[in-house]
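Order-wise, the sequence lines are chains V and E. With the working numbering, letter number 18 in the first sequence gets 18, and the count goes up by one each step, no holes. With the working numbering, letter number 82 in the second sequence gets 82, and the count goes up by one each step, no holes. The beta-carbon is built from N, C-alpha and C at its ideal position, and this holds for glycine as well.
2 protein chains.
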Amino acid sequence: MTKQLWIYDTTLRDGTQREGISVSIEDKLRIARQLDRLGVPFIEGGWPGANPKDVQFFWQLQEQPLTQAEIVAFCSTRRPHISAATDPMLQAILAAGTRWVTIFGKSWDLHVTEGLKTSLDENLEMIRDTIAYLQLSGRKVIYDAEHWFDGYKQNKDYALKTLLTAVTAGAEWIVLCDTNGGTLPHEISLIVRDVKQFLPPNTQIGIHTHNDADTAVANAIAAVLEGATMVQGTINGYGERCGNANLCSVIPNLQLKLGYNCLPEDKLTQLTNASRFISEVVNLAPNEHAAFVGRSAFAHKGGIHVSAVEKNPLTYEHIEPEKIGNSRRIVISEQAGLSNVLAKARTFGIELNKNNPAARQILRHLKELESQGYQFEAAEASFELLMREALGKRQQLFTIKGFQVHCDLSQDVDSCNSSALATVKLAVNGQDILEAAEGNGPVAALDAALRKALVNFYPQVANFELTDYKVRILDEYSGTAASTRVLVEWRSDFQRWTTVGVSTNILNASYQAVVEGLEYGLLLPPVAVVEIH
Amino acid sequence: MTKQLWIYDTTLRDGTQREGISVSIEDKLRIARQLDRLGVPFIEGGWPGANPKDVQFFWQLQEQPLTQAEIVAFCSTRRPHISAATDPMLQAILAAGTRWVTIFGKSWDLHVTEGLKTSLDENLEMIRDTIAYLQLSGRKVIYDAEHWFDGYKQNKDYALKTLLTAVTAGAEWIVLCDTNGGTLPHEISLIVRDVKQFLPPNTQIGIHTHNDADTAVANAIAAVLEGATMVQGTINGYGERCGNANLCSVIPNLQLKLGYNCLPEDKLTQLTNASRFISEVVNLAPNEHAAFVGRSAFAHKGGIHVSAVEKNPLTYEHIEPEKIGNSRRIVISEQAGLSNVLAKARTFGIELNKNNPAARQILRHLKELESQGYQFEAAEASFELLMREALGKRQQLFTIKGFQVHCDLSQDVDSCNSSALATVKLAVNGQDILEAAEGNGPVAALDAALRKALVNFYPQVANFELTDYKVRILDEYSGTAASTRVLVEWRSDFQRWTTVGVSTNILNASYQAVVEGLEYGLLLPPVAVVEIH
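#1: Just to confirm my understanding: we take V55/V, look at its own chain, exclude 5 residues before and 5 after, and list those with CB closer than 8 Å. What are they?
#2: Can you list, in chain order, the stretches of the alpha helix (DSSP H) that have 4 or more residues and sit fully within the region 134-162 of chain V?
#3: On the premise that W100/E lies in contact with Q154/E, defined as a C-beta separation below 8 Å, what is that separation, rounded to the nearest angstrom?
#4: Counting Cβ pairs closer than 8 Å, one from the region 314-326 of chain V and one from the region 253-273 of chain V, do we hit at least three?
#5: Give a yes or no on whether 8 Å exceeds the smallest Cβ distance from G243/V to chain E.
#6: Return the chain-ordered list of same chain residues with a C-beta closer than 6 Å to the C-beta of G38/E, the five sequence neighbours on each side being excluded.
#7: Enumerate in chain order the residues of its own chain whose CB-to-CB distance from A297/E is below 8 Å, with the five nearest sequence positions on each side excluded.
#8: If you draw a straight line from the alpha carbon of L160/V to that of L487/E, how long is it in whole angstroms?
#9: Would you check if the distance between the CB atom of L263/E and the CB atom of Q255/E is smaller than 8 Å?
#10: Answer yes or no: does any C-beta atom of chain V fall closer than 8 Å to that of P185/E?
#11: With a threshold of 8 Å on Cβ separation, who are the neighbours of I25/V within its own chain once the five nearest residues in sequence on each side are excluded?
#12: What separation, rounded to the nearest whole angstrom, lies between the Cα atoms of S419/V and L434/E?
#13: Verify whether the separation of the beta carbon atoms of V250/E and V217/E is less than 8 Å.
#14: When you check each C-beta in the region 214-235 of chain V against every C-beta of chain E, which residues fall closer than 9 Å?
#15: For the region 281-312 of chain V, which residues have a CB atom closer than 8 Å to at least one CB atom of chain E, in sequence order?
#16: Tell me whether S503/V sits in a helix, a strand or coil according to DSSP, three-state version.
#17: Of all the CB atoms in chain E, is at least one closer than 8 Å to the CB of I142/V?
#18: From which residue to which residue does the beta strand (DSSP E) around A427/E run?
#19: Check the Cβ of I473/E against every Cβ in chain V and list those closer than 8 Å, keeping chain order.
#20: What does N180/V reach in chain E if we use C-beta pairs closer than 7 Å?
#21: Our contact map puts W173/V next to I131/V with C-beta atoms below 8 Å; I'd like the distance itself, whole angstroms only.
#22: Counting contacts by CB-CB distance shorter than 8 Å, is T203/E in contact with chain V?
#23: Which bits of chain E does S249/V rub up against, with CB to CB less than 9 Å?
#24: Quick one: which chain V residues come within Cβ less than 7 Å of H111/E?
#25: Taking only three categories from DSSP, how would you classify E438/V?
#26: Against chain V, which members of the region 17-32 of chain E pass a CB distance test of less than 9 Å?
#27: From the DSSP output, which residues share a beta bridge with R472/V?
#28: Quick check on DSSP: helix, strand or coil for T272/V?
#29: Determine the direct distance from the alpha carbon of D27/E to that of E44/E, and round the result to whole angstroms.
#30: Are the beta-carbon atoms belonging to D194/E and F149/E less than 8 Å from one another?
#31: According to DSSP, which residues form a beta bridge with C75/E?
#32: Counting only Cβ pairs nearer than 7 Å, list the residues of chain E close to H406/V.
#33: I need the DSSP call for Y520/V, collapsed to helix, strand or coil.
#34: Taking the straight line between their C-alpha atoms, what separation do you get for A381/V and G441/V?
#35: Alpha carbon to alpha carbon, how far is Q135/E from A245/E?
#36: What is the rounded straight-line gap between the Cα of N353/E and the Cα of E384/E?
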């Protein structure tokens, strides 16, 4: 028998507290619809009493409602010494027009007396009054007990009293929040067990954890194992400081390993896609090393090892990556063997038989390039071009005939705005083109000159964006005269790719990576990462 | 009574398995010495039988040993059906000349029969023979039981037998490895408890976890709570796929929250620094949201909250950030940390009184530079120059009046030998000098031109060597137009130093770092055999 669990996503409120995230209403709507399609049952939309943008967000959702998820409005308990009915914040949460609301209140005596500057009794009354009023107004109430675990440790009797007050006032769920994020899993287990014993039977418990001790996911699981039926967290673990419990880890752990029912099974396979889509919308690079959904989460190195993985994956992988929509990835590295090359070719949709002489040719070429310092682990676009070339499938989209770069910093030695000039000569469809462009630095100038030359033939280059640029010296004892490896990362809409160049001259290495990046971008189909429909 | 725990760092072996990390011997030595200074008792250096670079690393450490840490060489059990004494891999591990060695062997029956293609009995014999042979050769042996938790679940009796074999053969520690990283904390607890009951009393147990389920830190803690006395992990959680248990989280959790003794207390305050230093050496951006050591880990937003935090920090922070060398950060107004500057000055051997106006001046200048992207953790030489300047102790050894760089690759687009031409104009002792030089690449050309101009005045510049050059883009969303940070490493005889430059133009950033590197080198005493920290 599967045990039902309710996932409560707070990416749109707690998640956006992360430094560096700033989302528009349009972004929030796209994320909400994505979570709705993923099958998440509760989506916290924001705090309409504190943020005017959130008010609009809820209105827009009233006009075009979600298909299955409950959108939840968030608010604190009423202010001290007024009645709930007269608190404008609570009027704002009612105006959001949701069926469910989440109210957070104080559990820790010190936060009541020092923070709210009110009495412990008044705090209980604020909890009771707020929940009762919202219920009377037709809302279902989830109660978030802020600073719960610290409050419990400091004054257990009072902390428990706040929960009982919320239950008695009619809250549907009592959510225990580790607001400072420092609690460890074994403490969570003990405290949740104690709460379960204290509260009336059948009271529904939820858990809300933060990652300050690097155990947010384990903490959520510990609470579920003690009977919590709601888990609050965010996609990709976004949140203040060190983030919230990462739902992309919580969900597969609970559903695939512990048999809880969190998402409809056919939706679970959309988890990786949802994670990447949301990281694109909030404009943060996806964490490649993220558990479950990261690009490296099921990456394998080494020849013998790879054939073993393909024969019996579960001896080397803790879950089947397909179940969450991720995939096994064969890393092309120094230890590459023929089986790696073949497996890699398959991921690019190229069927290559091991008796095909091209396979050995690719391997030989790869080894040769690696001995020069090329590294394809992180530059799969360059590797794909290399494969295509060996298979006779690389089109000549343009030919570079030369380039020059000139930087003059004489006027401007201490300024950060010094500019560089690049001149390129190239041929497209038999036609010679000479172009020059300036940029902040030689690589930007080179990139600009190349695009200027190509845009009339391939207008899509205007959308390509050079997003990162990494340089590494390969021979530590020769300094600037040694080989330089340049990795360049690109994107165009939702697609990202990386290319590599190696040379003793950093500009030549950059040039190789920039040229291959433009070429690879031209080969891509219009869109790769899509919203789930 | 504090309970003793042994931290075993495997950043240099397992950590370097992370995609995108590629370290030189010099990088590995710098990391090892940093960990040594941090007080880590065991540092795994590499697998000398599998990697020729690791052989050299161990030799270099024999010449200049660490101060307190045991450096450990890593290897598998001997191959099937030969004697340990004749296995060349084991000869390589002996040649590493360490007191401690770690041997990993198979615990999962399927990996024995399918992977090693040998019998279950022969695997036991391989474990016994290898450990006994190394012990007889004077080594202390740590035994890593690979795929332990999966092996236990599949064939508990056999898995336990492998451990007992290792204990009987004389292993000092039995380390349970969650190689696939998918085990959850409550399973770890149960299994470690069972192992403790099964093995002879006083057998020392260790734990080695991976983060595939996003619970590596919680898993390590769970094992310690059941009596494990060694934790294996990596700095910043670097490692294959989703990484290893992050020691930067494991150590403060165990030491500050659970009362275990992991590092000397005065060393714990160096943890944040070590984390950032190592991320610079491996050329990866530090994770700002990392638990404990991240720049955002103790970030607070402005307003009432901040004064509440300052009045009573422990109501808003799970630990005191200073205990691990991190600091509270006020997000909106980047508030001054004069004590930070004083502390930083102290780490560079400059005693600065807080009433000295220069201290505030340095702070102001430092903040300004850091907001531009400068980073001094790994560029001590540049920081010392900045300090000297504020204290009126920076001599004007030469003045740069301008430079130009020109690269023409028209003739030679696909060659790796393309050259660059640099022209510099500078003044020394009131005398103007114009010089030009060629080099493989613009930075080499610039370095050559500067030295050509300086060598008549300061002959020692001929001995300076530019040993490494690292580039990082600071704003990943603006690509080549974003700020570029260049770190340049130098040496002259036994002395090494690092400088930093930041600019939107990579050549300008390089120029700053090269010029400061030459200047700093000129300040060094002519013959000195000093370690620079």
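To lay it out plainly:
#1: P48, A92, A95, A96
#2: 148-154
#3: Actually they are not in contact, since the Cβ atoms of Q154/E and W100/E sit about 30 Å apart, beyond 8 Å.
#4: yes
#5: It does: the Cβ of G243/V has a partner Cβ on chain E nearer than 8 Å.
#6: Reading off the sequence shown, one finds Leu at residue 38/E, where the question assumed Gly. If we look at L38/E and ignore the five residues flanking it on each side, its Cβ neighbours are K267, Q270, A274.
#7: H289, A290, A291, P321, N326
#8: 55 Å
#9: yes
#10: yes
#11: K53, Q56, F57, Q60
#12: 22 Å
#13: yes
#14: D214, T215, A216, V217, A218, N219, I221, A222, L225
#15: N283, A285, E288, H289, A290, A291, F292, G294, S296, A297, F298, A299, K301, A308, K311, N312
#16: Strand at S503/V.
#17: It does not; no Cβ of chain E falls within 8 Å.
#18: 420-428
#19: D468, Y469, K470
#20: Y316, E317, H318
#21: Going by Cβ atoms, the distance from W173/V to I131/V rounds to 11 Å, so no, they are not a contact pair.
#22: Against chain V, the CB of T203/E has no partner CB under 8 Å away; the residue lies outside that interface.
#23: Near S249/V (Cβ distances below 9 Å), the residues of chain E are A213, D214, T215.
#24: T315
#25: strand
#26: Q17, R18, E19, G20, S22, S24, I25, E26, D27
#27: R485/V, K470/E
#28: helix
#29: 15 Å
#30: In terms of Cβ geometry, D194/E and F149/E do not form a close pair [threshold 8 Å].
#31: I103/E
#32: H406, listed in chain order.
#33: helix
#34: 24 Å
#35: 29 Å
#36: As the crow flies, the alpha-carbon of N353/E is around 16 Å from that of E384/E.
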